[in-house]
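From first to last, the protein sequence lines stand for chains A and B. Numbers 1211 to 1325, taken from the numbering used here, label the letters of the first sequence in order. Numbers 2 to 200, taken from the numbering used here, label the letters of the second sequence in order. Glycine included, every Cβ here is placed at the ideal spot set by N, Cα and C. Notes to accompany the following structure.
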Amino acid sequence: VAVFETVAQYITRARVLLQDTVSPYRYSDTELMEALNLALVEARLIRPDLFLDLEFEIPNYTATSDATTDIEEQYRVAFLYYIVGHAQLRDEEDTQDARASALLGRFTKLLKAGV
Amino acid sequence: VTEPAALTRLMNNARSELPGVTDMALRLKLFDVINEFLTDSRAWRDTISFTTNVDDTTYEIYSNETATILALIGITDANDAPVKATMPTPGSIVLANAPDAETDCEAEVAITVVDPTDADDYPVMPEWLLERYGRTLLMGLLGGMMTQIAKPWTNERMAVYHTRRFRNGIATARAEVDHAHLQDGQRWRFPSFAPGSQR
């Protein structure tokens, strides 16, 4: 079984990095799911080849379900970083800004450079 | 269907040389590489039988393989005698002289891969081609992938290196095919009605 494959698994993993695992959550499921959708839009721009199987259509998830995502396994960590980084953009603290920027940058670098 | 060992080796070599690459991207490029190899080397041949009609100079032929016809290599009649003909469009044979009798002929053509691919999205091609020219195809695949823009595996310098080896491999394959894989040999042979031997 893949470490994270479904929308719900991405959100669970993101909550660990966000230290937001206890309800009521600071970041809603919908917010994190939207971040995943945005990551897919950015990935389509940077790496269209990742969408070959999908005939270059960008998936748009509308529910935090057990729906399987179509993200190539070796790039799933990059998408996780994007979700966390995007969530932290909302926070106003200076330290969070730096962390958000680093995570979003890491997403781009992993997709472009692979390391 | 089991993937041929030569194809598995080719794909595994490419995966390990191209960090971050996806199988879909590799399969897409592999089709182009095989097509270029076969188009320029004429390494894959097919023999197609057809029967001439009196006074009819034009014939449509179709490959026996899941492939498309590239070029006409030659036509022989039932006596192994060459028949003069051209192929203005692939698959359409025009005889230079109208036949005066019905004759069984064989057209040798060069063919290349065509859609549809197999169930795993690989182009359909004979296993011996993969086994014999796997290294050349790998060079083409690596060169083609490394030429792509803004990918983790982009490498302009190595793309030039691999592409050069690919083109050299095609030239070698073409020479081998032209000599019918005969060491120091020549491709022509005596027709059955003529005396003599090949060597």
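SER42/B has no beta-bridge partner at all, per DSSP. C-alpha of ARG158/B to C-alpha of PHE1261/A: approximately 27 Å in a straight line.
Using beta-carbon distances, PRO20/B counts as an interface residue toward chain A, with a partner under 7 Å.
Below the 9 Å Cβ cutoff, chain B contributes no neighbours of GLY1315/A, its closest Cβ being approximately 16 Å away.
Rounded to the nearest angstrom, the Cβ distance from GLU128/B to ALA15/B is 18 Å, too far for a contact under 8 Å.
Residues of chain B whose Cβ lies closer than 9 Å to the Cβ of ASP1263/A are, in chain order, THR23, MET25. Pairing ILE171/B with ASP41/B gives a Cβ-Cβ distance under 7 Å. The beta carbon of ASP1280/A sits no closer than 7 Å to any beta carbon of chain B. Within chain A, the C-beta atoms nearer than 9 Å to that of ALA151/B come from ILE1256, ARG1257, LYS1322, in chain order. Contact annotation: ALA79/B and THR104/B have beta-carbon atoms nearer than 7 Å.
Around ASN36/B, the same chain offers THR113, VAL114 as residues with beta carbons nearer than 7 Å, after the five sequence neighbours per side are excluded. For THR164/B, same chain residues with a beta-carbon under 8 Å away, outside a window of 5 residues either side, are MET140, GLY141, GLY144, GLY145, THR148 in chain order. Annotation for THR87/B: the continuous beta strand (DSSP E) segment containing it runs 86-90.
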